[in-house]
Amino acid sequence: MTQFTRWLDMPPVWLLTMIALAYGLDRVVPGLGFGLGVTFGLGNLLIVLGLGLLGVAMWEFRRARTTVIPGEQPTVLLKRGIYRWTRNPIYLGDAMILTGLILRWDVLPALLLVPVFTTIITKRFILWEEATLSAKFGPAFSDWAGQVRRWI
Numbered sequence: 019m020t021q022f023t024r025w026l027d028m029p030p031v032w033l034l035t036m037i038a039l040a041y042g043l044d045r046v047v048p049g050l051g052f053g054l055g056v057t058f059g060l061g062n063l064l065i066v067l068g069l070g071l072l073g074v075a076m077w078e079f080r081r082a083r084t085t086v087i088p089g090e091q092p093t094v095l096l097k098r099g100i101y102r103w104t105r106n107p108i109y110l111g112d113a114m115i116l117t118g119l120i121l122r123w124d125v126l127p128a129l130l131l132v133p134v135f136t137t138i139i140t141k142r143f144i145l146w147e148e149a150t151l152s153a154k155f156g157p158a159f160s161d162w163a164g165q166v167r168r169w170i
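Quick note: to get my numbering, add 18 to the position in the sequence shown (first position is 1).
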């Protein structure tokens, strides 16, 4: 894989792709939502919560002095803070932001992009990351993974 294609196959690029598809769907076929303000408010709430989740998760990585970059080798198994409730708070935050934007724009058919996004992230990143963590941390990872769900 070249440096350029490796860069393209990163979670933020997948997130931006899904966001662009949702936005494009709204522009190509407008009026696919409820037309109610409730989706706008709920969307904003999910965006804020998703950004907060990203911030908390990034803080835990920084505090532990380990990498947040997919594909790099971790030095610490994060099990404290937000990692007591979800093994993937950054990806969960991404999914919340995607869902929030779709609701904010009131493009309800684009909600189908959320499970597409989570499936891509799981297959392209999470499974590899979990195998890496299992190989590096052994029973400590297995115990933690047995207690904490992958998403929520």
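Just so it is clear, CB atoms sit at the ideal spot from N, CA and C, and this is done for glycine as well. On a predicted model such as this, the values are computed, not experimentally measured, just so you know.
- When DSSP states are grouped into helix, strand and coil, Arg168 belongs to the coil group.
- Assigned with DSSP and collapsed to three states, Asp124 falls in coil, not helix or strand.
- Annotation: the continuous alpha helix (DSSP H) that includes Lys154 extends over Leu145 to Phe155.
- Of all C-beta pairs linking the stretch 137-153 to the stretch 47-59, fewer than three are shorter than 8 Å, placing the two stretches out of contact.
- Put simply, of Val132, Val94 and Thr137 the residue whose alpha carbon is nearest the alpha carbon of Phe159 is Val94.
- Per DSSP, the continuous alpha helix (DSSP H) segment holding Phe58 begins and ends at Gly55 to Ala82.
- Excluding residues up to 5 positions away in sequence, Leu95 lie with their Cβ nearer than 6 Å to the Cβ of Phe155 in the same chain.
- Under the DSSP assignment, Pro133 falls in the alpha helix (DSSP H) whose first and last residues are Leu131 to Ile139.
- Ala40 sits away from Leu110, with the two beta carbons spaced by 9 Å or more.
- Taking C-beta separations shorter than 8 Å and ignoring five residues to either side along the sequence, the partners of Ser152 in its chain run Phe159, Ser160 and Ala163, following chain order.
- A distance below 7 Å between beta-carbons, with the five flanking residues on each side excluded, links Leu67 to the following residues of its chain, in chain order: Met114.
- With fewer than 16 other CB atoms across the displayed protein chains lying within 10 angstroms of its CB, Trp103 is exposed.
- Rounded to the nearest whole angstrom, the C-alpha separation of Val46 and Met36 is 15 Å.
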